[in-house]
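Each remark here refers to the structure printed beneath this line.
Numbering (my numbering), first residue to last: 327 to 923.
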């Protein structure tokens, strides 16, 4: 008997409108875990196909801890081929999607084929229906949630941005949660998927409830003691926006398209100001106790006037990029831009970064009217918006200024300037999905100083730290759990939870080894698509230009020689060639398939 997993994976062929049920053996589940791991297994089968090929899979997976009392286990993982980068494109997403999928009896969904007309996929337990969504094509995500979402179900959908070809289009889940960064919304649109609605009434089978309760108590105790998570100025109170002041203080806030690293008005645009203006309320993924997500209503002081509608408060990266990166000083405009991006289904980091690139090239500042108008044009493919919809790298090349695109492997960089954190610099360059802070999340030790502090202006030891962190986060995204929890808890506690749920004897080292296999598989997929050391790099700006230094805090350019030496050490530790390519020997050591697809 299988515990933890349901034992069923749903395969959908949209061309034929048919379904098949796969029942993997326990060894397959234990090896690939779930979430990112299982998704990567099925993506490998179609690794060299173009992102828009009908046989390229979109995979949506829960994990073995999903649907149990294990803390922060309500996240899911969506993975396909990225339209923006050509790399592995994946996203960890919150809300209720993974939990409802598991309760419906499915560990995951693998979708192939292409529907001739817009389609909705409705799943309720073992019932799968294909609904004509022609009348919903063009409807934004907020309206769609209001129109078709039952109270207990989970809804994943796309908006006009994906339908009109925006290469960084997102999938919006349960109104407030975005599966962003890789252009997964455009993958949905290419297959003509408007929405997936999931509900379930089942329960997850747990092997040892008593052991799971103990693991849960250990994790809750550790997170309760974490100021970064549960403190007055931590994520539970201020959301991820709590990081905003830290980036300002450390002089590593990307400003004016990464030309500077400090934005002078930052102290008036931080999480505390949002709290005063919008009275945010706590919310979060199903089963989470940290509740870092915030929704709020604009406080109206005029007598007799009601407060406005409830809005999603911007996450840290959105707060930073829609202020410092593009030169904006208006909190209300940031909230409105965030809402518009969510309604249209557009990744806020890529959107703001592409707009910052445009601002540098044209020299034109944004007014509220011009900014919101450009967001409309991007989402609906009008005028200049058609070129901005391609992302910063392709837009900058189109404009004859490729050096202004602050991207790695075609993905726009998030809101941590790498000149202020060298582990982040290395993590950006090596990430398997492009410029991403979440593959290794070195901000945890370089800024939060968890589990221990490291020198943020040094590459010393960073190659090994990055490799281990990538392995850890790969298995976290496969369990599935929240990375923030690991500011306080560790793989030891989650190995206990995994063993309790599945009945498989497991140590922290065992989980880390699974993460290494999952991550190396992504390196293999990317190499099969032509990516090598030439793409494991940063824009020249970070090696040639100073950041915004102060008398006691110099922010010099990164030494290119030191960076390359750290990258070389990483390749050695990861088991890659000097060109950054995976090897047959290492793949076989990890038990990974080695062949040209």
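Just so you know, even glycine gets a beta-carbon here, dropped at the ideal spot from N, CA and C.
Quantities reported herein were computed from a predicted structural model and do not represent experimental measurements.
Look at the Cβ atom of residue 896, then the Cβ atom of residue 792, and state whether they are nearer than 8 Å. yes
Touch check for the stretch 648-655 and the stretch 592-599: three-plus C-beta pairs under 8 Å? yes
Assign residue 669 to one of two classes, buried (16 or more other C-beta atoms within 10 Å of its C-beta) or exposed (fewer than that). buried
Alpha carbon to alpha carbon, how far is residue 662 from residue 909? 48 Å
Roughly how many angstroms lie between the CA atoms of residue 329 and residue 505, to the nearest whole one? 28 Å
Helix, strand or coil for residue 877 per DSSP? coil
Given 8 Å as the limit, is there contact between the stretch 337-351 and the stretch 386-393, that is, 3 or more CB pairs closer than that? no
My output table needs one value for residue 806: the three-state DSSP class, helix, strand or coil. coil
What is the DSSP secondary structure of residue 887, reduced to helix, strand or coil? helix
Nearest by alpha-carbon distance to residue 891: which of 850, 621 and 859 is it? 859
Between the Cα of residue 447 and the Cα atoms of 603, 753, 466 and 481, which residue gives the shortest distance? 481
Tell me which residues share the same chain as residue 467 and place their Cβ nearer than 8 Å to its Cβ, disregarding the 5 neighbours each side in the sequence. 483, 484, 485, 498, 501, 668, 669, 670 and 671
Ends of the beta strand (DSSP E) at residue 563? Element bounds for residue 563: not the beta strand (DSSP E) but the alpha helix (DSSP H), 561-564.
Exposure of residue 579, with buried meaning 16 or more beta-carbon neighbours within 10 Å: buried
Hey, would you say residue 686 sits closer than 8 Å to residue 717, going by beta carbons? no
Local Cβ density within 10 Å of residue 444, reported as buried at 16 or more and exposed below that: buried
The alpha helix (DSSP H) spanning residue 767 covers which residue range? Here residue 767 belongs to no alpha helix (DSSP H), and DSSP marks it neither H nor E.
Secondary structure of residue 481, DSSP reduced to three states: strand
Residue burial classification, residue 803 (beta-carbon count within 10 angstroms, cutoff 16): buried
Give every residue of the same chain whose Cβ lies closer than 6 Å to the Cβ of residue 631, excluding the five residues on either side of it in the sequence, and list them in chain order. Confidence in residue 631 is poor, its pLDDT being 49 and thus under 50, which makes the residue's placement unreliable; the coordinate value appears in the next sentence. So no residue of the chain qualifies.
If you drop the 5 nearest sequence neighbours on each side, which residues of the same chain put their C-beta closer than 6 Å to that of residue 422? 480, 500 and 612
With three or more beta-carbon pairs closer than 8 Å as the criterion, would you say the stretch 512-519 touches the stretch 775-791? no
Taking buried to mean at least 16 other C-beta atoms within 10 Å of its own C-beta, is residue 724 buried or exposed? exposed
Would you call the stretch 430-444 and the stretch 367-382 in contact, with 3 or more CB pairs under 8 Å? yes
Measure the CB-CB distance between residue 366 and residue 830 and report whether it falls below 8 Å. no
So, is residue 349 buried or exposed, given that buried needs 16 or more other C-beta atoms within 10 angstroms? exposed
Answer yes or no: do residue 298 and residue 528 have a C-beta to C-beta separation smaller than 8 Å? An answer regarding residue 298 cannot be provided, because it is not within the stretch 327 to 923 covered by the chain.
Which value, in whole angstroms, describes the spacing of the CA atoms of residue 487 and residue 713? 13 Å
Nonlocal neighbours in the same chain, by C-beta distance under 7 Å from residue 657, ignoring five residues either side: 595, 599, 600 and 603
Three-state secondary structure (DSSP) at residue 344? strand
What ranges does the alpha helix (DSSP H) occupy inside the stretch 478-520, keeping only unbroken runs of at least 4 residues that lie completely in it? 486-489 and 510-516
Do you know offhand how far residue 913's Cα is from residue 424's? 30 Å
Please report the straight-line C-alpha distance between residue 522 and residue 877, rounded to a whole angstrom. 54 Å
Where does residue 884 land, buried or exposed, given buried means 16+ other C-beta within 10 angstroms? buried
For residue 787 and residue 762, what's the separation of their Cα atoms in angstroms? 20 Å
Through-space distance from residue 581 to residue 695, alpha-carbon basis: 21 Å
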